[in-house]
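Participant:
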Amino acid sequence: YYLFYRSQRYQRTDAFLWSVISSAAFEFTIETVTERPSWQDLYQTPVYGTLLGIGAETLSDKLWNTGTWWGRALGIISNPFR
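As structure tokens, then:
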């Protein structure tokens, strides 16, 4: 979720907040059909996803800025929403 919202030009804090909202919406609508929403899913998915997303975004930027074709290719692989 985080990388998607960052690709839509949201600031980091806004992308995190929308990740929390999107994760909760999924938990309480789609996943409720098969299992009860859990605190771990509501908390860990957006928090750890954002931390992982910041790392992927940083890595992607560094790879993209190498100016080589392989750097750009790896930059897109590490952040497909680029």
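Numbering-wise (our numbering), the sequence shown opens with residue 1074 and increments by one.
Glycine is no exception: its CB is placed at the ideal position from the N, C-alpha and C atoms.
Quick one: what's got a C-beta closer than 6 angstroms to Tyr1078's C-beta in the same chain, skipping five residues either side?
Facilitator: Translated into the one-based positions of the sequence shown, residue 1078 becomes position 5. Excluding positions up to five away in sequence, the list reads Ala1088 and Trp1091.
Participant: According to DSSP, is Arg1109 part of a helix, a strand, or is it coil?
Facilitator: Taking the first residue of the sequence shown as 1, we reach residue 1109 at position 36. Arg1109 carries a coil assignment under DSSP once its states are collapsed to helix, strand and coil.
Participant: Which of the three DSSP states, helix, strand or coil, is assigned to Arg1155?
Facilitator: Your numbering for residue 1155 matches position 82 in the sequence shown. Looking at Arg1155 - three-state DSSP - the assignment turns out to be coil, as it is neither helix nor strand.
Participant: State buried or exposed for Gln1152, treating a residue as buried only when at least 16 other CB atoms are found within 10 Å of its CB.
Facilitator: Position 79 of the sequence shown, counting from 1, holds the residue named residue 1152. Per the sequence shown, residue 1152 should be read as Asn rather than Gln. Buried is the call here.
Participant: Nearest-angstrom Cα distance between Glu1104 and Ser1080?
Facilitator: Locating residue 1104 in the sequence shown gives position 31, counting from the first residue. Locating residue 1080 in the sequence shown gives position 7, counting from the first residue. Rounded to the nearest angstrom, the two C-alpha atoms are 26 angstroms apart.
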